[in-house]
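Numbering (this note's numbering), first residue to last: 25 to 178.
We put the CB at the ideal spot given by N, CA and C, even for glycine.
Every value quoted in this text rests on a predicted model; they were computed, and no experiment measured them.
Quick notes on the structure that follows.
This is the structure in structure tokens:
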């Protein structure tokens, strides 16, 4: 199939505004094999509302996609069990116009929830359902989310 160069660059900074409030900026570039390369920047806010509840929000701009607002809530039931709620939506909805994003499948409305379990101090799993708007039919379709998670020792 030939030769291809592919790379993703990520960078970011976080700043602790208060003991329970963290803000950050991040940037990303994806070469996408030089087919439709894209880049994005985002502003993030993380708030610890209580001992067991964390709220996160992000506003992002993507060069070849729609600007997005992403939200995440994480509730700690015990040291090993967590509940997660996710949601996100494009800031503006666009139709099939020449100025519309080139990659409409990347930024669609989504929402859902997962359960997270840490069976070892550094290894866990997350499973649940995320409903994502189908770009062809416009209907919300459930998709399973199953993820193996790793974190540094605590």
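Next on the checklist: Please state the DSSP three-state secondary structure of residue 44.
Outcome noted: Taking the chain shown and counting its residues from 1, one reaches residue 44 at position 20. Coil.
Next on the checklist: I'd like the list of long-range same chain contacts for residue 35, defined as Cβ closer than 6 Å, with 5 residues on each side in sequence excluded.
Outcome noted: For the purposes of this step, residue 35 is identified with residue 11 of the chain shown, where counting begins at 1. Answer for residue 35: 51, listed in chain order.
Next on the checklist: If the criterion is Cβ atoms closer than 8 Å, does the pair residue 150 and residue 163 meet it?
Outcome noted: Taking the chain shown and counting its residues from 1, the one referred to as residue 150 is at position 126. Taking the chain shown and counting its residues from 1, the one referred to as residue 163 is at position 139. For residue 150 and residue 163, no; Cβs fall outside 8 Å.
Next on the checklist: Judging by CA-CA distance, which residue of 165, 93, 106, 33 is the nearest neighbour of residue 82?
Outcome noted: Here the question's residue 82 lines up with position 58 in the chain shown. Checking every option, the nearest Cα to that of residue 82 belongs to 93.
Checklist entry - How many angstroms separate the CA atom of residue 97 from the CA atom of residue 108? => result As a position in the chain shown, residue 97 is number 73, starting the count at 1. As a position in the chain shown, residue 108 is number 84, starting the count at 1. About 6 Å.
Checklist entry - What is the DSSP secondary structure of residue 160, counted as helix, strand or coil? => result For the purposes of this step, residue 160 is taken as the residue at position 136 of the chain shown. Here residue 160 sits in coil by DSSP.
Checklist entry - How close, in whole Å, do the beta carbons of residue 113 and residue 140 come, if the pair is a contact with beta carbons under 8 Å? => result What you label residue 113 is simply residue 89 of the chain shown in a count that begins at 1. What you label residue 140 is simply residue 116 of the chain shown in a count that begins at 1. No, residue 113 and residue 140 are not in contact; Cβ-Cβ is about 23 Å, not under 8 Å.
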